[in-house]
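With my numbering as the guide, the letters of the sequence shown map in order to residues 98 to 347. Cβ atoms here follow ideal geometry from the backbone N, Cα and C, with glycine treated the same way. Here the structure is laid out as structure tokens; the discussion comes afterwards.
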Amino acid sequence: MSAYQSLAGAYDALTTDAGYLRRANYLDRLLKKERQPVCSVLDLGCGTGTIACLLAQRGYRVTAVDNSEEMLTQAAQKAEALCGENRPLLLLQSMDHLRLLEKVDAAISTMDALNYLTRPAAVQRTFERVFRWLRPGGMLIFDVNTPFKLRRMDGELYIDEKPDTYCVWRTAFSEKTKICTYWVDLFRLRPDGSWDRGQEEHRERAWDEPELRQMLMRAGFEQVWVTGDLSRSAPRPGEDRVIFHCRKAK
98 MSAYQSLAGA
108 YDALTTDAGY
118 LRRANYLDRL
128 LKKERQPVCS
138 VLDLGCGTGT
148 IACLLAQRGY
158 RVTAVDNSEE
168 MLTQAAQKAE
178 ALCGENRPLL
188 LLQSMDHLRL
198 LEKVDAAIST
208 MDALNYLTRP
218 AAVQRTFERV
228 FRWLRPGGML
238 IFDVNTPFKL
248 RRMDGELYID
258 EKPDTYCVWR
268 TAFSEKTKIC
278 TYWVDLFRLR
288 PDGSWDRGQE
298 EHRERAWDEP
308 ELRQMLMRAG
318 FEQVWVTGDL
328 SRSAPRPGED
338 RVIFHCRKAK
């Protein structure tokens, strides 16, 4: 079963502690501080569309891209619920084959979407495609799970339990491939009181800061700096998530 085919319908219920509002506020502050106005934003790997909708509510014209049809279905339901006409445009695409209708003022990617690209060539193509569709002077802001976090998850077992959802995550990290694999068992309560079971496999690659920085520079970004999560300061040792800030020259 493909990633998120089963999990998509339960994803929001299982990530209520993800701090989406804080993350959207952080991005909004960064975008408003840009020297040139930011009106259009690309959300790369948008998932169920929470961040895309929060930014749309703040007045941005958002294009949201994901390669999971099931996750985009959830995003479409959220977009339909928005008042007014400023709803995100949702596109079913893989990140490394990005193709937009027009260039954007800024691009974002949140919740470790870039970690799901496990091959260097795919990451390089993604940065090159984003660079292609950014206007001169535009910003790319994305977060990644750190190698420290993914290594720490080796051999762990996590359980998420809600009244109608029970999810078990088993994880293993390979030093050879630098990939953390998540095996997910998801149980959903049916109206008749029985339970449906779904199984998925997710894989995230641990990307080191120097290799991502090198790929970004190779794609054309001239300014790259890294901060701690939701911070303006440099990452501290042992951070679970860091944020890359990348600017395309004017």
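Residue range Pro217 to Trp230 is occupied by the alpha helix (DSSP H) that includes Phe228. With fewer than 16 other CB atoms across the displayed protein chains lying within 10 angstroms of its CB, Pro334 is exposed. If you look at Ala210, you'll find it isn't in any beta strand (DSSP E); DSSP assigns it neither H nor E. When secondary structure is reduced to three states using DSSP, Pro244 falls in the helix class.
According to the DSSP assignment, Arg315 belongs to no beta strand (DSSP E) but to the alpha helix (DSSP H) extending over Glu306 to Ala316. In this structure, the beta-carbon distance from Thr145 to Asp109 falls below 8 Å.
For the pair Tyr123 and Cys343, the Cα-to-Cα distance works out to about 16 Å.
Partner residues in the beta bridge of Ala203, as assigned by DSSP, are Val138 and Met236. Listed as beta-bridge partners of Arg155 by DSSP are no residues whatsoever. With a 10 Å radius around the Cβ and a threshold of 16 neighbouring Cβ atoms, Trp322 comes out exposed. Of all C-beta pairs linking the region 190-199 to the region 157-169, three or more are shorter than 8 Å, placing the two stretches in contact.
Going by DSSP, Glu297 is part of the beta strand (DSSP E) stretching over Trp292 to Arg302. Per the coordinates, the alpha-carbon of Thr147 lies some 9 Å from the alpha-carbon of Ala121. Rounded to the nearest angstrom, the gap between the Cα atoms of Pro244 and Lys275 is 8 Å.
Contact between Tyr117 and Cys136 does not hold, since their C-beta atoms are separated by about 22 Å, which reaches or exceeds 8 Å.
Annotation: the continuous beta strand (DSSP E) that includes Leu186 extends over Leu186 to Leu189.
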